[in-house]
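K.L.:
A single structure is presented below for examination.
Protein chains: 2
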Amino acid sequence: MSDVTPVPDPTARARLLDAVRFDSRGLVPVVAQQHDTGEVLMLAWMNRAALAETLATGRVTYYSRSRDALWRKGETSGQVQRLVDLRLDCDGDALLALVDQAGVACHTGRRSCFSWALREGEVRPIAEPLVDPQALYGGR
Amino acid sequence: MSDVTPVPDPTARARLLDAVRFDSRGLVPVVAQQHDTGEVLMLAWMNRAALAETLATGRVTYYSRSRDALWRKGETSGQVQRLVDLRLDCDGDALLALVDQAGVACHTGRRSCFSWALREGEVRPIAEPLVDPQALYGGR
Chain W
1 MSDVTPVPDP TARARLLDAV RFDSRGLVPV VAQQHDTGEV LMLAWMNRAA
51 LAETLATGRV TYYSRSRDAL WRKGETSGQV QRLVDLRLDC DGDALLALVD
101 QAGVACHTGR RSCFSWALRE GEVRPIAEPL VDPQALYGGR
Chain F
1 MSDVTPVPDP TARARLLDAV RFDSRGLVPV VAQQHDTGEV LMLAWMNRAA
51 LAETLATGRV TYYSRSRDAL WRKGETSGQV QRLVDLRLDC DGDALLALVD
101 QAGVACHTGR RSCFSWALRE GEVRPIAEPL VDPQALYGGR
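Chains W and F are the protein sequences, given in the same order.
By the count of full-length UniProt numbering, the first sequence reaches residue 140 at its end, each step adding exactly one.
By the count of full-length UniProt numbering, the second sequence reaches residue 140 at its end, each step adding exactly one.
Dropping the structure here:
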């Protein structure tokens with residue numbers, strides 16, 4: 001599937017962007033899934049510019065709501081996501097990105113951000129960090 | 001994992017609900033994934049009442065933004081989702097529900113709502129309906 005992205009043609013990219021229903025804030029939720037194992041890695045958001053950049057480069061770029069800026073996944077940590085395939089849902093208002101995740105997806109150093117289970121009235125971590133977050137982000 | 005839900009104790013349920021960061025609308029996005037195959041089935045939303053009902057019953061209940069009401073998945077169509085495990089992400093503002101999906105998740109009769117791929121400048125269906133939507137929803 002990797003030969004279907006990125007989308008080099010701006011007209012084609014615009015057509016894809018127009019198929020997505022961004023919400024009133026101009027955002028769409030994106031589920032990132034490791035393409036070969038099926039692990040759900042994270043849920044984040046894209047605006048039109050982030051999706052355009054993702055399609056143009058084949059590297060996943062999100063929109064950071066806290067920083068109000070494009071978030072090129074892995075730019076600081078090196079834990080990039082290569083886009084393998086991109087899926088749109090039936091309502092056009094959610095995306096599923098099949099990715100190849102380098103290293104870990106989570107800023108805590110865990111492979112997946114969904115590493116806490118709600119079980120028996122407790123929120124319990126079900127995975128340990130694979131990488132020291134300090135090593136990912138330096139002294140930040 | 002199926003023996004860990006539902007959560008019969010109201011105090012335990014309240015503790016889990018308090019761990020979730022609902023947004024300014026009182027909602028949290030929920031990714032539903034088939035527990036054994038890893039298929040991502042849909043993305044929908046829960047409010048506190050929907051999550052409480054899901055934990056109490058072990059059947060997934062969402063909040064319908066369009067109807068402004070609880071949406072007991074499968075109540076009309078019969079395509080229920082039994083909760084197998086529930087995961088929270090590192091920021092506490094997104095949920096991953098591992099479910100056992102009866103039949104199909106999508107109102108179009110497709111197994112997954114993410115059945116359209118953005119490829120080569122086109123949005124293309126990559127799965128066909130397994131069930132006639134008319135059969136799911138009658139004459140509605």
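The beta-carbon is built from N, C-alpha and C at its ideal position, and this holds for glycine as well.
Along the region 86-108 of chain W, where does the CB come closer than 7 angstroms to a CB of chain F? Name the residues.
P.N.:
Listed by position along the chain: Leu86, Arg87, Leu88, Asp89, Cys90, Ala94, Leu96, Cys106, His107 and Thr108.
K.L.:
Based on Cα-Cα distance, which residue from F:Leu130, F:Asp18, F:Arg48 and F:Ala94 lies nearest to Gln79 of chain F?
P.N.:
Checked all of F:Leu130, F:Asp18, F:Arg48 and F:Ala94; the closest Cα to Gln79 of chain F is F:Leu130.
K.L.:
Counting only runs of 3+ residues fully inside the UniProt domain "Phosphoribosyl-AMP cyclohydrolase" (42-114) of chain W, write out the beta strand (DSSP E) ranges in chain order.
P.N.:
The qualifying runs are 61-64, 69-72, 81-88 and 95-101.
K.L.:
Please state if the CB of Ala102 of chain F and the CB of Gly74 of chain F are separated by a distance shorter than 8 angstroms.
P.N.:
For Gly74 of chain F and Ala102 of chain F, yes; Cβs fall inside 8 angstroms.
K.L.:
Could you say which of W:Asp85, W:Ala94 and W:Leu136 lies nearest to Ala105 of chain W if we only look at CA atoms?
P.N.:
It is W:Leu136 whose Cα lies nearest to the Cα of Ala105 of chain W.
K.L.:
State yes or no: is the C-beta of Asp89 of chain W nearer than 7 angstroms to some heavy atom of the ligand COA?
P.N.:
Of ligands this structure carries none, so the ligand COA is not represented either.
K.L.:
Here's the rule I'm using: 16 or more other beta-carbon atoms within 10 Å means buried, otherwise exposed. How should Pro8 of chain F be labelled?
P.N.:
Flag for Pro8 of chain F reads exposed.
K.L.:
When the Cα atoms are used, what is the spatial distance from Pro125 of chain W to Asp91 of chain W?
P.N.:
The straight-line gap from Cα to Cα measures roughly 33 angstroms.
K.L.:
Count the other CB atoms, across all protein chains shown, that sit within 10 Å of the CB of Thr61 of chain W; report buried if there are 16 or more and exposed otherwise.
P.N.:
Under this definition Thr61 of chain W is a buried residue.
K.L.:
Have a look at Ala19 of chain W and Val123 of chain F and give me their C-alpha separation to the nearest angstrom.
P.N.:
In a straight line, the C-alpha of Ala19 of chain W is about 8 angstroms away from that of Val123 of chain F.
K.L.:
Using a Cβ-Cβ cut-off of 8 angstroms, state whether Asp9 of chain W counts as contacting chain F.
P.N.:
Judged by the 8 angstroms Cβ criterion, Asp9 of chain W is in contact with chain F.
K.L.:
Report the rounded CA-to-CA distance for Gly58 of chain F versus Asp93 of chain W, giving the unit in angstroms.
P.N.:
In a straight line, the C-alpha of Gly58 of chain F is about 27 angstroms away from that of Asp93 of chain W.
K.L.:
With 9 angstroms as the C-beta to C-beta threshold (strictly closer), list the residues of the region 106-126 of chain F near chain W in chain order.
P.N.:
Against chain W - using a Cβ distance shorter than 9 angstroms - the residues of the region 106-126 of chain F are Cys106, His107, Thr108, Arg110, Ser112, Cys113, Phe114, Ser115, Trp116, Ala117, Leu118, Arg119, Glu120, Gly121, Glu122, Val123 and Ile126.
K.L.:
Pick out whichever of F:Leu41, F:Arg15 and F:Arg21 has its Cα sitting closest to the Cα of Ser115 of chain F.
P.N.:
Of F:Leu41, F:Arg15 and F:Arg21, the residue nearest in Cα terms is F:Leu41.
K.L.:
Can you give me the Cβ contacts of Leu95 of chain W inside the same chain, cut-off strictly under 8 angstroms, excluding the 5 residues immediately before and after it?
P.N.:
So the list reads Val20, Val28, Pro29, Val30, Val31, Met46, Leu51, Leu86, Arg87, Leu88 and Asp89, once near-sequence residues are dropped.
K.L.:
Given a threshold of 16 other Cβ atoms within 10 Å of its Cβ, counted over all protein chains shown, does Arg25 of chain F qualify as buried or as exposed?
P.N.:
So Arg25 of chain F counts as exposed.
K.L.:
Tell me which same chain residues have a C-beta within less than 7 angstroms of the C-beta of Leu17 of chain F, skipping the five on either side of it?
P.N.:
So the list reads Arg48, Leu51 and Ala52, once near-sequence residues are dropped.
K.L.:
Closer than 6 angstroms by C-beta to Arg72 of chain F: which residues in its own chain qualify, once you throw out the five before and the five after it? Chain order, please.
P.N.:
The answer, listed in chain order, is Thr61.
K.L.:
To the nearest angstrom, report how far apart Phe22 of chain F and Pro6 of chain W are at their CA atoms.
P.N.:
In a straight line, the C-alpha of Phe22 of chain F is about 34 angstroms away from that of Pro6 of chain W.
K.L.:
Identify the residues that DSSP records as bridge partners of Val31 of chain W: which are they?
P.N.:
W:Leu43 and W:Leu96.
K.L.:
Taking the straight line between their C-alpha atoms, what separation do you get for Thr11 of chain F and Leu55 of chain F?
P.N.:
Answer to the nearest angstrom: the Cα atoms are 12 angstroms apart.
K.L.:
By the DSSP assignment, the beta strand (DSSP E) with Arg124 of chain W in it spans what residues?
P.N.:
Element bounds for Arg124 of chain W: Glu122 to Pro125.
K.L.:
Taking 8 angstroms as the CB-CB cut-off, is residue 161 of chain F touching chain W?
P.N.:
What the structure shows of chain F is the stretch from 1 to 140, and residue 161 of chain F is not part of that stretch, so it cannot be assessed.
K.L.:
By how many angstroms is the C-alpha of Ala127 of chain W removed from the C-alpha of Ser112 of chain F?
P.N.:
Those two C-alpha atoms are separated by around 27 angstroms.
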